[in-house]
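Report on the structure given below.
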Amino acid sequence: MTSPTTQAAGGSRATMFGIVTPTLNAETYLEATLESIWSQVCDDVVIDHVLVDGGSTDRTVEIAKDYPTRVVVSSDDQGMYDAVNRGLSMVDGSIVGYLNADDELTPGALATVAGAFGNHPDAQWLMGRREYVDGSGSLLAPLQPVAFTLAEYVSMGWSHVPQECTWLRRELFDRVGPFDVSFRNTGDYDMFARCRAVAAPLIISDTLGRFRLHGDQLSYSPEVMARESARVREKNGGSDRWTWIRGRYLSLRVNARNPRFLLAKKTGKISFIVK
65 MTSPTTQAAG GSRATMFGIV TPTLNAETYL EATLESIWSQ VCDDVVIDHV LVDGGSTDRT
125 VEIAKDYPTR VVVSSDDQGM YDAVNRGLSM VDGSIVGYLN ADDELTPGAL ATVAGAFGNH
185 PDAQWLMGRR EYVDGSGSLL APLQPVAFTL AEYVSMGWSH VPQECTWLRR ELFDRVGPFD
245 VSFRNTGDYD MFARCRAVAA PLIISDTLGR FRLHGDQLSY SPEVMARESA RVREKNGGSD
305 RWTWIRGRYL SLRVNARNPR FLLAKKTGKI SFIVK
């Protein structure tokens, strides 16, 4: 376990990150997630981490209390995005984001993010490379995001922006937030569309996070995804006769930049849980 004293290890010029983790019966991978967060602390990084728990009946809260994480029980929330909103309203930090309880930050990720923001003071948000891993942590495929316009993004029908590898300046989140709690699966898609309407993201090639695919994660149906994606599009620019072409063009660029990701999808190594 990472020592709680590391919370104050950052120097006077350290960047403070405000991080939220929503949980509900998340004991399986939570310790690995928390270790990946608190091991980031160094001279350049200070962390304020809030875990918002929806009423877990397993060891989730007990595990979290072994770390400098603040635990907030919020059994009356309206789902994951409401929990994230509550947490983001509580954390300090000039850079904010959220990390699900089964995902991880890669070693040194936040120092890399702090350095990138420092080198690009005009950047309002940032994203880096994702690694898809299986339940045991073995690599399935990487995903490197590519540059995109707002019209391309909302036309694609799914988000290639890796949420656990994406960080916002607090000022941007305060401007475009909070997350829309009416979405079950595509709140990230909607949020990042609103961010893109304000500014293009800074995209770096460093691997910043790991997205874990396993049988217990939030499920979705193709019908719900299609309906919510259409809502994202209508909220953030609408449709016209070029919608399909713009979305297809971005999808082709993502696949061309990420051949291992494309192969993993086609061979079934990467697939999302459908109910």
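Residue 65 is where the sequence shown starts when you use my numbering, and the numbers rise one by one after that.
For each residue, glycine too, the CB sits at the ideal point set by N, CA and C.
None of these values were measured; they are calculated from a predicted model.
Residue span of the alpha helix (DSSP H) that contains residue i, given as start and end
i	result
M154	It is not in any alpha helix (DSSP H) - M154 carries neither H nor E in the DSSP assignment.
A215	L214 to M220
R310	T307 to R321
G179	A173 to N183
A211	Where A211 is concerned, there is no enclosing alpha helix (DSSP H), given that its DSSP letter is neither H nor E.
S303	It is not in any alpha helix (DSSP H) - S303 carries neither H nor E in the DSSP assignment.
A165	No alpha helix (DSSP H) holds A165; DSSP gives it neither H nor E.
V225	Run containing V225: none; DSSP gives neither H nor E here.
P286	P286 to K299
Contact under 7 Å by Cβ, residue i with residue j
i	j	result
P86	A128	no
G221	S269	no
I83	L163	yes
Q104	L174	yes
N89	D117	no
G234	V160	In the sequence as displayed, the identity of residue 234 is Arg instead of Gly. Yes, these two residues count as a Cβ contact at 7 Å.
E216	R310	yes
L169	S100	yes
V155	D112	yes
Start and end residues, beta strand (DSSP E) containing residue i
i	result
I334	Element bounds for I334: n/a, residue is neither H nor E.
L277	L277 -> no beta strand (DSSP E), and no H or E assigned at all.
R11	Outside the modelled stretch of the chain, which goes from 65 to 339, sits residue 11, for which no answer is possible.
A205	L203 to L207
V197	W189 to V197
Residue closest to residue i, alpha-carbon to alpha-carbon, out of the options
i	options	result
T230	V137, T92, C259 and T97	C259
M80	G157, G179 and V177	G157
K333	N300, L203 and R310	L203
A211	A328, V114, L266 and A257	L266
G201	L327, R77 and Y93	Y93
D141	V155, E126, T133 and G119	G119
L326	P171, P206 and V177	P206
L115	E126, H224 and K299	E126
Y145	R324, V288, D244 and P286	D244
D254	A264, R324 and P242	P242
A78	G302, E99, T176 and S153	T176
P286	D166, W308, T124 and S335	S335
F237	V225, T213 and V262	V262
L214	G143, L98 and G301	G301
Would you say the segment 263-283 touches the segment 187-205, given that touching needs at least three Cβ pairs under 8 Å?
yes
Could you tell me whether the segment 255-275 touches the segment 311-325, where touching means 3 or more Cβ pairs closer than 8 Å?
The segment 255-275 vs the segment 311-325: no contact.
Does the segment 248-267 come into contact with the segment 295-303, if we say contact requires no fewer than three beta-carbon pairs (one atom in each stretch) closer than 8 Å?
yes
For the segment 70-134, list the beta strand (DSSP E) runs that are entirely contained and at least 3 residues long, ordered along the chain.
79-87 and 109-117
Runs of beta strand (DSSP E) wholly within the segment 245-278 (minimum 3 residues, chain order)
266-276
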